[in-house]
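Read through the structure below, which is laid out as structure tokens, and then see the notes.
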Amino acid sequence: MSTIAAISTPKGMGGIGVVRISGEEAMEIADRVFKPFDGVSCLSSMKGYTAKYGKIMSDQQFIDDAVALVFKAPHSYTGENVVEISCHGGLYLTREVLRAVLKAGASTAEPGEFTKRAFLNGKIDLSQAEAVMDLISARSRRANILAFNQREGVLSKKINDVKNQLLEISAQISAWVDYPEEDIPELHSTHLKEKLEAIIQKVESMIKNYDVCSALKQGVKTSLVGRPNVGKSTIMNLISGFERSIVTDVAGTTRDIVEETVMIGDIPLLLSDTAGIRNTEDTVEKIGVEKAKKCLKAADLNIVVFDSSSKLTPEDEDILSLCDPKRTVLILNKIDLGLKLDKTKISTYFPKIVEMSAVNGSGLEKFKEVVEEIVGVSEIDSSQSVISNERQLIILQKVRDIILSALKELERKITLDAISILLYDSINLLMELTGKNVTEEIVNRIFSQFCVGK
Ligand SMILES: Nc1nc2c(ncn2[C@@H]2O[C@H](COP(=O)(O)OP(=O)(O)OP(=O)(O)O)[C@@H](O)[C@H]2O)c(=O)[nH]1
Ligand SMILES: [Mg+2]
Numbered sequence: 069m070s071t072i073a074a075i076s077t078p079k080g081m082g083g084i085g086v087v088r089i090s091g092e093e094a095m096e097i098a099d100r101v102f103k104p105f106d107g108v109s110c111l112s113s114m115k116g117y118t119a120k121y122g123k124i125m126s127d128q129q130f131i132d133d134a135v136a137l138v139f140k141a142p143h144s145y146t147g148e149n150v151v152e153i154s155c156h157g158g159l160y161l162t163r164e165v166l167r168a169v170l171k172a173g174a175s176t177a178e179p180g181e182f183t184k185r186a187f188l189n190g191k192i193d194l195s196q197a198e199a200v201m202d203l204i205s206a207r208s209r210r211a212n213i214l215a216f217n218q219r220e221g222v223l224s225k226k227i228n229d230v231k232n233q234l235l236e237i238s239a240q241i242s243a244w245v246d247y248p249e250e251d252i253p254e255l256h257s258t259h260l261k262e263k264l265e266a267i268i269q270k271v272e273s274m275i276k277n278y279d280v281c282s283a284l285k286q287g288v289k290t291s292l293v294g295r296p297n298v299g300k301s302t303i304m305n306l307i308s309g310f311e312r313s314i315v316t317d318v319a320g321t322t323r324d325i326v327e328e329t330v331m332i333g334d335i336p337l338l339l340s341d342t343a344g345i346r347n348t349e350d351t352v353e354k355i356g357v358e359k360a361k362k363c364l365k366a367a368d369l370n371i372v373v374f375d376s377s378s379k380l381t382p383e384d385e386d387i388l389s390l391c392d393p394k395r396t397v398l399i400l401n402k403i404d405l406g407l408k409l410d411k412t413k414i415s416t417y418f419p420k421i422v423e424m425s426a427v428n429g430s431g432l433e434k435f436k437e438v439v440e441e442i443v444g445v446s447e448i449d450s451s452q453s454v455i456s457n458e459r460q461l462i463i464l465q466k467v468r469d470i471i472l473s474a475l476k477e478l479e480r481k482i483t484l485d486a487i488s489i490l491l492y493d494s495i496n497l498l499m500e501l502t503g504k505n506v507t508e509e510i511v512n513r514i515f516s517q518f519c520v521g522k
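Our numbering runs 68 ahead of the 1-based position in the sequence shown.
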């Protein structure tokens, strides 16, 4: 494999910038551009995990002073020889250093190629490699812990456990089918059934957390709706921490959708402040109201705002009729003006209710708790293995369905041969998850979603 290089730090200005080189000739190539200040040593003769201070030269021209850190195969991220050159950060300098390294014989790394090599060299399996991407994009502590566990192999271990159990059952079935006359204990179908059911449960528990985890990663599409003047935009500004939406005491202030991503604890909400919903003849406002309704329908979470200092109106009830109670939070706003709204009428259908004053900030803590409950983060155990993308989800769903059909076959007393074939199918799928049985095309597709330099 060729020796590759890329800038591994983000584009832009920074204290340092890192150019990473990986491949058999990493040290030799680095030696052509990096000259240690002590004058004698070269990187090729250095031990792994050691560093030198020196200068970067290209065509006899001084580019920058830098630190070169040497990793010897297989003790590196990629499993190959690696040199990491830390130079001064900045678009121009890091690019110049990379250019010098490429001139000296390295080729440009593809997106995700360092991690791909780590996978191909057996340093990590595919689900761990996918976790590296999650780790980089994690926006909260919990998303970070989940990705970290996956990279540490928690998911891979669970997948391997399930796979080994399936293999064991298949082996028993095969032995019994192939050598019925031997002294192999007869397979009890109830025993077999119990084992398969236990496996289905394990697979289900991995699938179950997917929605929550993808909410943590990608954010929850959230609409902020209600009739005009109830304080939606004030709440938008309170949650986002700055004056994102225009607030006035005129009903019908917000006309268009105003979007902002906000963090509620560990959960990113993709929040849309909308026009107050009411019947109106105003052409512009009418369009805004239609947009608000569309936004409400498309959201995963609806925040419906009421003015708690006045009675519930038919307009409020119309808005509620569009919402699914399971994914709706009601905010009784303007609580500082005294509660006049009768809660009992709505709380039977919509139990998630928060009293708030958007002007003085009261109720924000309770709001956070309620959102966490609805999204389900409180239920997930961060030490658990969770899947993190559609590819993994689809494979696990297939595995579950195949084992379910194996169970059915068992109940219909179909031959054990047929069951054995189904079990082998599911074992193959599980191996696809960790990358032991995966086509080059899939591997390439996964790593192409990475950024260059990772
Ligand atoms: N006393 C009190 N006033 C509030 C509170 N929240 C908002 N207001 C006031 O209510 C008025 C309307 O607030 P907005 O945030 O613009 O209401 P909105 O729901 O976005 O209104 P539209 O965009 O017109 O649909 C403003 O004068 C706010 O200062 C609150 O908690 N208490
Ligand atoms: Mg508004």
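The C-beta atom is built at its ideal place from N, Cα and C for all residues, glycine as well. In this text, all values refer to a predicted model and were calculated from it rather than measured experimentally.
**OP:** On a CA-only basis, which of V372, Q240, V454 is nearest N277? Give me that one, please.
**Re:** V454
**OP:** Tell whether a beta-carbon distance below 8 Å holds between I241 and I487.
**Re:** yes
Subject >> Reference L306, options V230, G356, I355, F435, closest by Cα >> reply: F435
**OP:** Measure the C-alpha to C-alpha separation of L111 and I97 and round it to an integer number of angstroms.
**Re:** 10 Å
Subject >> DSSP three-state assignment for D127, whether helix, strand or coil >> reply: coil
**OP:** Report all residues from its chain with a CB closer than 6 Å to the CB of K191; omit the five preceding and five following residues, and keep chain order.
**Re:** G147
Subject >> Sequence-distant residues of the same chain with beta carbon closer than 7 Å to I267, five excluded per side >> reply: V230, Q233, L234, I471
**OP:** Using the Cα positions of L339 and A366, report the straight-line distance between them to the nearest angstrom.
**Re:** 12 Å
Original post:
Can you tell me whether T342 is buried or exposed, with buried defined as 16 or more other CB within 10 angstroms of its CB?
Top reply: buried
**OP:** Grab the span of the beta strand (DSSP E) containing H259 for me, first residue to last.
**Re:** Per DSSP, H259 belongs to no beta strand (DSSP E); it is in the alpha helix (DSSP H), 257-276.
**OP:** Pick helix, strand or coil for S85, following the three-state DSSP scheme.
**Re:** In the sequence on display, residue 85 carries Gly and not Ser. Strand.
Subject >> Proximity winner among I75, I153, G158, relative to M81 (alpha-carbon distances) >> reply: G158
Original post:
CB-CB under 8 Å to L264, same chain, minus the five flanking residues each way: which ones, in chain order?
Top reply: I237, I471, A474, L475, L478
**OP:** Please indicate yes or no: does the CB of V33 lie closer than 7 Å to some heavy atom of ligand 1?
**Re:** Nothing about residue 33 can be reported from this structure: the residues present for the chain run from 69 to 522 only.
Original post:
ligand 1 heavy atoms versus the CB of K315: any closer than 7 Å?
Top reply: Looking at the sequence itself, residue 315 is Val, so the reference to Lys does not match. Yes - ligand 1 has a heavy atom lying nearer than 7 Å to the Cβ of V315.
Subject >> Nearest candidate by alpha-carbon position, reference T483, set S257, S516, G122 >> reply: S257
Subject >> Between the CA atoms of K402 and M424 - distance to the nearest angstrom >> reply: 6 Å
**OP:** Tell me whether D368 counts as near ligand 2, meaning its Cβ is closer than 7 Å to at least one heavy atom of that ligand.
**Re:** no
Original post:
Whose C-beta lies closer than 8 Å to the C-beta of T290 among residues of the same chain, with five residues either side of it excluded?
Top reply: L337, L338, L339, S340, A367, D368, L369, N370, I371
Original post:
So what's G363 in DSSP terms, helix, strand or just coil?
Top reply: Reading off the sequence shown, one finds Cys at residue 363, where the question assumed Gly. Helix at C363.
**OP:** Report yes if the CB atom of S90 is closer than 8 Å to the CB atom of R167, and no otherwise.
**Re:** no
Original post:
Are the beta-carbon atoms of V101 and M125 separated by less than 8 Å?
Top reply: yes
Original post:
When DSSP labels each residue in this structure, what does N370 get in the three-state scheme?
Top reply: strand
Original post:
Measuring from the CB of T348, is there a heavy atom of ligand 2 at a distance below 7 Å?
Top reply: no
**OP:** Kindly indicate which three-state DSSP category S313 falls into: helix, strand or coil?
**Re:** coil
**OP:** Please find out if some non-hydrogen atom of ligand 1 comes closer than 7 Å to the beta-carbon of V427.
**Re:** yes
Subject >> Contact under 8 Å by Cβ, I275 with L497 >> reply: no
Subject >> Residues that F102 bridges to, as DSSP identifies them >> reply: I124
Original post:
Can T322 be considered in contact with ligand 2, in the sense that its beta carbon sits closer than 7 Å to one or more heavy atoms?
Top reply: yes
Original post:
For ligand 2, is there a heavy atom less than 7 Å away from the beta-carbon of S308?
Top reply: no
Original post:
Which whole-angstrom value describes the C-beta separation of S224 and D193, a residue pair presumed to lie in contact below a C-beta threshold of 8 Å?
Top reply: 5 Å
Original post:
Would you report the Cα separation of I399 and L407, rounded to the nearest angstrom?
Top reply: 12 Å
Original post:
Quick check: the region 307-322 against the region 490-505, are there 3 or more CB pairs under 8 Å?
Top reply: no
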